[in-house]
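Q:
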Amino acid sequence: MTYSDDVLGRARVASDTALDEYYQVLKKADAGALWTVANDIEPWYPQPKSAPMLWKYRDMRPLVEEALGLVNADDAGRRVIMLVNPGRVDASAAVGNLYTGLQIMGPGESMTAHRHMAAALRFVVEGKGAWTVVDGQKLTVGPRDFAITPSGAFHEHGNESSDTNVIWQDGLDIPLVNALDAGFYEVHPNLYQDVDPVPNHSYLKYGVGQLRPYGFEDSWPKRYSPLFAYPWEQVHDALQNVAKTSPGSECDGYILEYSNPITGGSVMPTLSAHMQMLLPGQATKAHRHTGSVIYNVAQGAGYTVIAGKRYDWTQGDIFCVPSWAWHEHVNIDPSQEAFLFSFNDFPVMRSLDFWREEIMRDNDGHQEISE
Ligand code: 1HN
Numbered sequence: 001m002t003y004s005d006d007v008l009g010r011a012r013v014a015s016d017t018a019l020d021e022y023y024q025v026l027k028k029a030d031a032g033a034l035w036t037v038a039n040d041i042e043p044w045y046p047q048p049k050s051a052p053m054l055w056k057y058r059d060m061r062p063l064v065e066e067a068l069g070l071v072n073a074d075d076a077g078r079r080v081i082m083l084v085n086p087g088r089v090d091a092s093a094a095v096g097n098l099y100t101g102l103q104i105m106g107p108g109e110s111m112t113a114h115r116h117m118a119a120a121l122r123f124v125v126e127g128k129g130a131w132t133v134v135d136g137q138k139l140t141v142g143p144r145d146f147a148i149t150p151s152g153a154f155h156e157h158g159n160e161s162s163d164t165n166v167i168w169q170d171g172l173d174i175p176l177v178n179a180l181d182a183g184f185y186e187v188h189p190n191l192y193q194d195v196d197p198v199p200n201h202s203y204l205k206y207g208v209g210q211l212r213p214y215g216f217e218d219s220w221p222k223r224y225s226p227l228f229a230y231p232w233e234q235v236h237d238a239l240q241n242v243a244k245t246s247p248g249s250e251c252d253g254y255i256l257e258y259s260n261p262i263t264g265g266s267v268m269p270t271l272s273a274h275m276q277m278l279l280p281g282q283a284t285k286a287h288r289h290t291g292s293v294i295y296n297v298a299q300g301a302g303y304t305v306i307a308g309k310r311y312d313w314t315q316g317d318i319f320c321v322p323s324w325a326w327h328e329h330v331n332i333d334p335s336q337e338a339f340l341f342s343f344n345d346f347p348v349m350r351s352l353d354f355w356r357e358e359i360m361r362d363n364d365g366h367q368e369i370s371e
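Residue numbers (the numbering used here): 1 to 371.
Following this line, the structure appears as structure tokens:
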């Protein structure tokens, strides 16, 4: 494929008065001439409306805390500050078809249960005492833990600490669900779920790494993971271990996907998530792929070059990579690893056969940095 804009075989009808009048007539008939839009609606390669973005936690945290004093969580439904891409304001998307926000819960707060078509995931940024009840199972989550709230699963949550706020990042596929006009929403008929008396039930049953639950397959017909929460310590140890065994990925350092223990696949049909580790001083090579990614800096300091521009990050910062944008990561700390949590819509890309990836081979695999 070539990426030139001016070639035979592409729409190139010059405008004239007769045509302009004809276009007006078509418009009145709720119709249009394909050749006036063909090159835009069938680009040579993905042309996301989303820009690469970086939201610094030191800027966002005070704004999120301000909401605590301004709105009651249950009045708001959820007390969430969304991160909105300037190119995707209409869809409330942070990038592509992914939504993200920072949710704050004060000590002792709790919210009522609901469910919706959109799938959600959480990554805890700070605070102890957070819990969520998903499908009737209570999960307790702390900093850097990851949890899922699959499509159609009732969920409610709160903060049972007496003195600290909890801030977690929500990730949802809302823009995708809305693009497909498939959104449903339901408040729990009793406002709260009946809760399984065993906390962290899904972890006790399915969270045992290489020990595959035997004989439970038939009882889990759902397409999402039966394991709802993934503790940070395990992910951290697994990354340290895998780093002893191989040089890792040239574009991602050491990277693990949170997976469904029954299938080995992504945690949900529309969203997947990763944790990756960059060794002290490590610089990866650039690649680009279809699918959008939102990162949360779990630990460390460094920068990511996205589409030729450098974005410096430190713990708690959130940044995004639009589909098909070149990106490469650098850990600037010479003595400590950096950890990047991320989530993406790769399962959608793969299930529709839309997945494409390219590794940069020019310039020793690195982008020219423009600013
Ligand atoms: C939602 O249900 C939650 O349950 C958070 O915490 C953010 C954003 C859009 C739609 C539903 C939650 C959400 C959301």
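Even for Gly, the Cβ is constructed at its ideal location relative to N, Cα and C.
#1: Would you be able to state if there are at least three C-beta pairs under 8 angstroms between the region 252 to 266 and the region 50 to 62?
#2: Is the region 61 to 79 in contact with the region 24 to 39, if contact means three or more CB pairs nearer than 8 angstroms?
#3: Would you grab the beta carbon distance between Ser292 and Ser50 for me? Rounded to a whole angstrom, and I think it's under 8 angstroms.
#4: Is it buried or exposed, Pro334, if we count other Cβ atoms within 10 angstroms and call 16 or more buried?
#5: For Phe184, list the residues DSSP reports as bridge partners.
#6: Whole angstroms are fine: how far does the CA of Asn260 sit from the CA of Lys222?
#7: Could you work out which residue in Thr132, Ala301, Trp326 is closest to Lys285 when comparing CA atoms only?
#8: Helix, strand or coil for Trp313 per DSSP?
#9: Measure from the alpha carbon of Asn85 to the alpha carbon of each residue in Glu337, Asn344, Pro322, then state which is nearest.
#10: By the three-class DSSP mapping on this structure, what secondary structure does Gln367 have?
#11: Just to check, is the beta-carbon of Asp181 closer than 6 angstroms to a non-hydrogen atom of the ligand 1HN?
#12: May I ask you to verify whether the region 169 to 182 touches the region 264 to 273, counting CB pairs closer than 8 angstroms and requiring at least 3?
#13: Work out the CA separation of Ser162 and Met349 for me, nearest whole Å.
#14: Would you call the region 294 to 312 and the region 40 to 49 in contact, with 3 or more CB pairs under 8 angstroms?
#15: Does any heavy atom of the ligand 1HN sit closer than 6 angstroms to the C-beta of Asp170?
#16: Is the distance from the Cβ of Gln415 to the Cβ of Val297 below 7 angstroms?
#17: Count the other CB atoms, across all protein chains shown, that sit within 10 Å of the CB of Tyr185; report buried if there are 16 or more and exposed otherwise.
#18: Is Asp16 helix, strand or coil when you go by DSSP?
#19: Phe123 and Phe341 - do their beta-carbons sit closer together than 7 angstroms?
#20: Could you name the residues of the same chain whose beta carbon sits closer than 8 angstroms to that of Leu121, not counting the 5 residues immediately before and after it, in chain order?
#21: Could you give the distance in angstroms between the alpha-carbon of Thr290 and the alpha-carbon of Gly215?
#22: Over what stretch of residues does the alpha helix (DSSP H) that includes Gly101 continue unbroken?
A: So, from the data block:
#1: no
#2: no
#3: 7 angstroms
#4: exposed
#5: Bridge partners of Phe184: none, in fact.
#6: 11 angstroms
#7: Trp326
#8: strand
#9: Pro322
#10: coil
#11: no
#12: yes
#13: 43 angstroms
#14: no
#15: yes
#16: The structure shown does not extend to residue 415, since the chain is modelled only from 1 to 371, so the question has no answer here.
#17: exposed
#18: coil
#19: yes
#20: Phe146, Ala147, Ile148, Thr149, Asp170, Gly171, Leu172, Val267, Met268, Leu271, Ala273, Phe343
#21: 37 angstroms
#22: Where Gly101 is concerned, there is no enclosing alpha helix (DSSP H), although the beta strand (DSSP E) it sits in stretches over 99 to 105.
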